[in-house]
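Numbering (my numbering), first residue to last: 70 to 190. By construction, the Cβ of each residue, glycine as well, lies at the ideal position given by its N, Cα and C atoms. It should be emphasised that the depicted structure is a prediction, and the values quoted were computed from it without experimental measurement.
Given below as structure tokens:
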């Protein structure tokens, strides 16, 4: 016949400590796995952030290049317009000179006709 042995305080305390140690070891093992996963996730996140920053820098560089090209094209267009305006001004000035010379010739011819008519009278 087996006798029921009642556990005394020391045995219960030792059993509780052993249970706590087992739970603590399980928790440490689980947190180690979590920490490994967290480190991997952190590394992946940092890689994503670096790639995003790189794409942002590339877009900024492309935007600045496009602005520079647009400014260059605008300056070339302005220079072309100014050259055309200078040509028009020069041709207008030449035309005005020809008209002034023509008007002077017509006036001289009219004056000569007037003088000839006066001389005939």
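Would you mind reading off the limits of the alpha helix (DSSP H) that contains residue 158? Membership of residue 158 in the alpha helix (DSSP H) is indicated by the continuous run 78 to 189.
For residue 84 versus residue 76, is the C-beta spacing smaller than 9 Å? A contact, by the Cβ cut-off of 9 Å.
Between residue 102 and residue 109, what straight-line distance do the alpha-carbon atoms span, to the nearest angstrom? 11 Å
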